[in-house]
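Per the working numbering, the sequence shown starts with residue 36, numbered consecutively.
Cβ coordinates follow ideal geometry from the N, Cα and C atoms, glycine included.
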Amino acid sequence: MVHCNLLQGDARKVLRSLSDKPGERGKYRIVITSPPYYRQRYYGNNKDELGQEKTDAEFIHDLAETFITCRHILSEDGSLWIVIGDTRRNMHKLMIPHRLALKLAENGYTFRDDIIWYKKNNVSSSARQNLSQAYEFILFLSKNEKSYTNLDLIRVQGNEAREGRNKIPPPHLIQYEPINPDKDKVAKLQETIHNAKPNTPFNQLPSTTDISWAYGYDPEKYCPTCYRKFKRHATRKRIGQHQHYPIFAVCNPAGKNPGNVWEISTKAHYGNEHFAIFPEDLVARIINFASQEGDWVLDPFMGRGTTGIVAALTGRNFTGIDLYQENVNTARKNILNASAGRYDGKLVNVITREMQVIKSK
Ligand SMILES: C[S@@+](CC[C@H](N)C(=O)[O-])C[C@H]1O[C@@H](n2cnc3c(N)ncnc32)[C@H](O)[C@@H]1O
Numbered sequence: 036m037v038h039c040n041l042l043q044g045d046a047r048k049v050l051r052s053l054s055d056k057p058g059e060r061g062k063y064r065i066v067i068t069s070p071p072y073y074r075q076r077y078y079g080n081n082k083d084e085l086g087q088e089k090t091d092a093e094f095i096h097d098l099a100e101t102f103i104t105c106r107h108i109l110s111e112d113g114s115l116w117i118v119i120g121d122t123r124r125n126m127h128k129l130m131i132p133h134r135l136a137l138k139l140a141e142n143g144y145t146f147r148d149d150i151i152w153y154k155k156n157n158v159s160s161s162a163r164q165n166l167s168q169a170y171e172f173i174l175f176l177s178k179n180e181k182s183y184t185n186l187d188l189i190r191v192q193g194n195e196a197r198e199g200r201n202k203i204p205p206p207h208l209i210q211y212e213p214i215n216p217d218k219d220k221v222a223k224l225q226e227t228i229h230n231a232k233p234n235t236p237f238n239q240l241p242s243t244t245d246i247s248w249a250y251g252y253d254p255e256k257y258c259p260t261c262y263r264k265f266k267r268h269a270t271r272k273r274i275g276q277h278q279h280y281p282i283f284a285v286c287n288p289a290g291k292n293p294g295n296v297w298e299i300s301t302k303a304h305y306g307n308e309h310f311a312i313f314p315e316d317l318v319a320r321i322i323n324f325a326s327q328e329g330d331w332v333l334d335p336f337m338g339r340g341t342t343g344i345v346a347a348l349t350g351r352n353f354t355g356i357d358l359y360q361e362n363v364n365t366a367r368k369n370i371l372n373a374s375a376g377r378y379d380g381k382l383v384n385v386i387t388r389e390m391q392v393i394k395s396k
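Structure representation (structure tokens):
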């Protein structure tokens with residue numbers, strides 16, 4: 036049973052009152068949100084609506100105020116994820132994500148990454164002197180230096196064969212697991228590498244073929260993750276002047292780190308909902324990476340409740356805030372449907388509660 040708490044009001048005020056309550060301080064493992072863009076959209080005519088400020092500096096000030104308050108209610112290992120696009124004024128890009136990130140780093144957050152959300156179905160603009168905007172940033176900040184993460188839940192299939200120069204090998208040439216690794220041999224090879232001097236001749240160092248045999252991999256067979264032959268499976272180690280001495284390295288068979296460019300299509304608007312919706316797949320990747328089942332997740336600009344929907348599907352508790360009662364009502368309906376199994380979207384990256392249980396076994 037997951038809990039869901041939906042609040043109507045100006046996020047800054049609601050967050051301030053939450054952070055005054057001892058039970059709310061430190062309660063949230065993650066805050067995920069997509070704030071309004073600067074002067075691109077109107078959600079209603081409330082004077083407290085963010086994005087309507089006279090200047091971009093005021094807008095950044097208001098956003099920063101919101102997220103600085105969030106820091107009080109994040110757990111010590113909690114993280115903040117802001118999906119945010121920039122705004123162009125004539126020839127000037129306002130650098131809103133960069134300026135916001137800087138302000139938050141100055142106010143105690145650790146700036147962890149600026150992930151590029153590449154919208155692969157982006158619509159080209161008619162501009163002739165500027166390039167059309169094909170991405171948004173996902174600012175990843177943590178309350179302290181380290182935060183809770185679980186990379187294994189967001190590993191992706193290697194795309195080297197699809198996009199790069201590696202070819203997909205025939206199935207009988209793929210080796211999924213090591214066969215009879217030889218511990219003594221591995222130890223000897225490691226010792227040789229460890230004790231190598233800058234002037235040790237190259238031919239006295241083991242080759243990746245030698246090392247792959249020792250680890251139980253046939254050097255002529257292919258890795259299931261990157262589709263390279265195991266004898267080409269190497270990372271670099273620096274031994275004195277041998278700066279590029281190749282060392283055998285095994286890919287994780289569960290997939291690779293997704294990196295910090297996320298290629299995810301935008302969603303079509305649902306019926307007559309007029310939000311800048313972020314895709315469930317994007318939210319799911321963050322929730323799976325940065326929180327655990329049973330954790331509390333917060334979205335201070337929840338719109339139609341996408342974060343709450345994914346929280347419900349993945350067994351997280353959710354608090355959502357929006358300035359407009361109508362949005363709170365829509366979000367409530369959407370989240371209730373998702374928790375009752377009436378979610379009819381198509382999910383690609385979402386790892387639901389059931390799948391997580393299987394993965395963690
Ligand atoms: C970009 S939309 C969020 C869309 C959401 N991520 C989704 O997928 O539906 C921004 C939301 O912020 C809300 N908003 C604007 N100013 C606000 C404020 N001061 N406090 C709380 N919510 C606000 C708007 O009503 C709108 O629903």
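Buried versus exposed, by CB contacts within 10 Å (16 or more), residue i
i: K266; result: buried
i: H426; result: Nothing about residue 426 can be reported from this structure: the residues present for the chain run from 36 to 396 only.
i: D219; result: exposed
i: N362; result: buried
i: E255; result: exposed
i: T270; result: exposed
i: Y211; result: exposed
i: V158; result: exposed
i: M126; result: exposed
i: S52; result: exposed
i: G343; result: buried
i: E171; result: buried
i: G376; result: exposed
i: K264; result: buried
i: G350; result: buried
i: A222; result: exposed
i: K396; result: Its pLDDT being 44, under 50, K396 is placed unreliably by the model, and the measurement read from it follows with that caveat. With fewer than 16 Cβ atoms within 10 Å of its Cβ, K396 is classed as exposed.
i: G58; result: exposed
Continuous beta strand (DSSP E) stretch holding residue i: start and end
i: I228; result: From DSSP, I228 is part of no beta strand (DSSP E) but of the alpha helix (DSSP H) over K218 to N230.
i: D148; result: T145 to Y153
i: R64; result: Y63 to T68
i: L317; result: No beta strand (DSSP E) contains L317, which is instead part of the alpha helix (DSSP H) from E315 to A325.
i: T447; result: For residue 447 there is no data in the structure shown, the boundaries of the chain being 36 and 396.
i: V191; result: Where V191 is concerned, there is no enclosing beta strand (DSSP E), given that its DSSP letter is neither H nor E.
Contact set for residue i: own chain, Cβ-Cβ below 6 Å, skip 5 residues either direction
i: L333; result: Y63, V66 and T354
i: E93; result: none
heavy atom of ligand 3 below 7 Å from residue i C-beta
i: N185; result: Among the ligands in the structure shown, ligand 3 does not appear; only ligand 1 can be found there.
Neighbourhood of residue i by C-beta, 7 Å cutoff - its chain only, sequence neighbours within 5 removed
i: T341; result: I312, F313, E315 and V318
i: R404; result: Examination of residue 404 is not possible in this model, given that the chain is present from 36 through 396 alone.
i: N156; result: S300 and T301
i: D45; result: D83 and L358
i: P259; result: I209, Y211 and P288
i: L41; result: G355, V363, A366 and R367
Boundaries of the alpha helix (DSSP H) in which residue i is found, first to last residue
i: N372; result: Q360 to S374
i: D97; result: D91 to I108
i: Y250; result: T243 to Y250
i: E141; result: I131 to E141
i: S52; result: A46 to S54
Own chain, CB closer than 8 Å to residue i, minus 5 neighbours either side, in chain order
i: Q164; result: M126
Neighbour flag for residue i against chain C, beta carbons, 8 Å
i: G376; result: Chain labels in this structure do not include chain C; a single protein chain is all it has.
**Request:** Please determine if the segment 181-194 and the segment 315-328 are in contact, where contact requires at least 3 C-beta pairs separated by less than 8 Å.
**Result:** By the C-beta criterion, the segment 181-194 is judged to be in contact with the segment 315-328, since at least 3 inter-stretch pairs fall below 8 Å.
**Asked** Should the segment 115-132 be regarded as contacting the segment 88-103, the criterion being three or more beta carbon pairs within less than 8 Å?
**Response** Yes, they touch.
**Request:** Decide if the segment 73-90 is in contact with the segment 133-147; the criterion is three or more beta carbon pairs, one per stretch, under 8 Å apart.
**Result:** Counting Cβ pairs under 8 Å, fewer than three are found: no touch.
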